[in-house]
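FYI, in my numbering the residues of the sequence shown are 4 to 296.
Input: a single structure, listed below in structure tokens.
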Amino acid sequence: MAIDHDRLFKELLQTFFEEFVLLFFPDMHEHIDFNHLSFLSEELFTDVTAGEKYRVDLLVETKFKGKDGLIIVHVENQAYVQSSFPERMFLYFSRLFEKYRTPIIPIAVFSYDAIRDEPSSFTLSFPFGDVLDFRFFHVELRKQNWRQFIRTDNPVAAALLSKMGYTESERVELKKQFLRMLVRLELDEARQRLLMGFFETYVKLSDEEEQQLRSEVEQMETKEKERVLELIISYEQKGKIQGRKEGRKEGAEQEKRHIARRMLRKGFEVQTIHELTGLSVAEIEEMKQSGFK
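Next up, the structure:
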């Protein structure tokens, strides 16, 4: 199943928006009134020339020292280089400015798996003078040294360790430090699971690595060890419960299909089977056409 990067990042940043700004843009943080913060509906832009549609991931309405303003946050996770990205950021900015006529802070978050240099400006110039020099704030996650963030008590830092610059040999240590951060943060269960789910999406340890992790956790100071192990066990148990629920649901669906095939063999009408089993008419028709297989 494909990873819904947009949804994951949007949920993380909406839940911990102030922490995100504080982590990467502390100077900006001082000028934003986080008591006046609301997330607007997605803005969709159509590029008629290219025949494509683009969407701003996060549009935040806030105040800058008493004045109304907007913050654009766009997360870019494409695996390939897009030379037109700065131009696209400019178009987001200009079209939103045209619509809202208010100060706007543009931010891009690059979450690529590979390290590469990303421009943070879009310029138009001629030999006889400059016409435009548009610049946006940006974060290149893979260029961040994850070890520099493990002492912070910032939930966004904890989650984004999974997208920062680490080597394969550091994966076990990375997850161990993530768990230690999670324990220190003392969040409610819902937010804790949000961070855990985000991290685990991008860093999945093998069985051997999980055993190594357990062994290293056992070497921790007693109180911390107990809390980290409790976190690991709790998450594993919830994962098993969810897996069983999904398994039961799939089993029930399989049983419905089995009943539907038997009814088809006995000559029942498709609509009758639909009403009795809850399966879609299209699925039952497909069974019928394939010889009840």
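We treat Cβ as the ideally placed atom computed from N, Cα and C, and that holds for glycine.
With a threshold of 16 other CB atoms inside 10 Å of the CB of residue i, please say whether the residue is buried or exposed.
i: Gln214; result: exposed
i: Thr65; result: buried
i: Ile35; result: buried
i: Lys226; result: exposed
i: Ala255; result: exposed
i: Ala193; result: exposed
i: Lys178; result: buried
i: Leu135; result: exposed
i: Phe12; result: buried
i: Gly69; result: exposed
i: Ile6; result: exposed
i: Leu127; result: exposed
i: Phe201; result: buried
i: Pro158; result: buried
Starting from the Cα of residue i, find the closest Cα among the options and give me that residue.
i: Lys166; options: Gly281, Asp116 and Phe129; result: Asp116
i: Arg187; options: Thr155, Leu127 and Glu224; result: Thr155
i: Arg183; options: Arg10, Leu164 and Leu73; result: Leu164
i: Lys291; options: Arg265, Lys102 and Thr280; result: Arg265
i: Phe20; options: Ile153, Ala160 and Leu232; result: Ala160
i: Phe125; options: Asp133, Arg138 and Phe113; result: Arg138
i: Glu14; options: Thr275, Ala162 and Ser97; result: Ala162
i: Gln151; options: Ala263, Val142, Gly168 and Glu219; result: Gly168
Pull the bridge partners of residue i from the DSSP assignment, please.
i: Phe140; result: Ile110
i: Glu64; result: Ser41 and Leu73
i: Ile35; result: Phe67
i: Glu79; result: Phe113
Could you tell me the alpha carbon to alpha carbon distance between residue i and residue j, rounded to whole angstroms?
i: Glu286; j: Gly270; result: 16 angstroms
i: His32; j: Phe131; result: 38 angstroms
i: Arg91; j: Val24; result: 22 angstroms
i: Gln180; j: Glu189; result: 15 angstroms
i: Ser172; j: Leu144; result: 19 angstroms
i: Glu22; j: Gly294; result: 58 angstroms
i: Leu282; j: Leu267; result: 13 angstroms
i: His8; j: Thr170; result: 21 angstroms
i: Ile16; j: Glu176; result: One detail in the question is off: residue 16 reads as Leu in this sequence, not Ile. Distance between the alpha carbons of Leu16 and Glu176 is about 25 angstroms.
Let me check you understand the geometry: is the CB of residue i closer than 7 angstroms to at least one non-hydrogen atom of the ligand GTP?
i: Glu33; result: The ligand GTP is absent from the structure shown, which contains no ligand whatsoever.
Unbroken alpha helix (DSSP H) runs of length 4 or more, entirely within the stretch 120-180: which are they?
158-163
Quick check on the DSSP output: what are the complete alpha helix (DSSP H) runs of length 4 or more inside the stretch 187-275, in order along the chain?
192-205, 210-221 and 225-268
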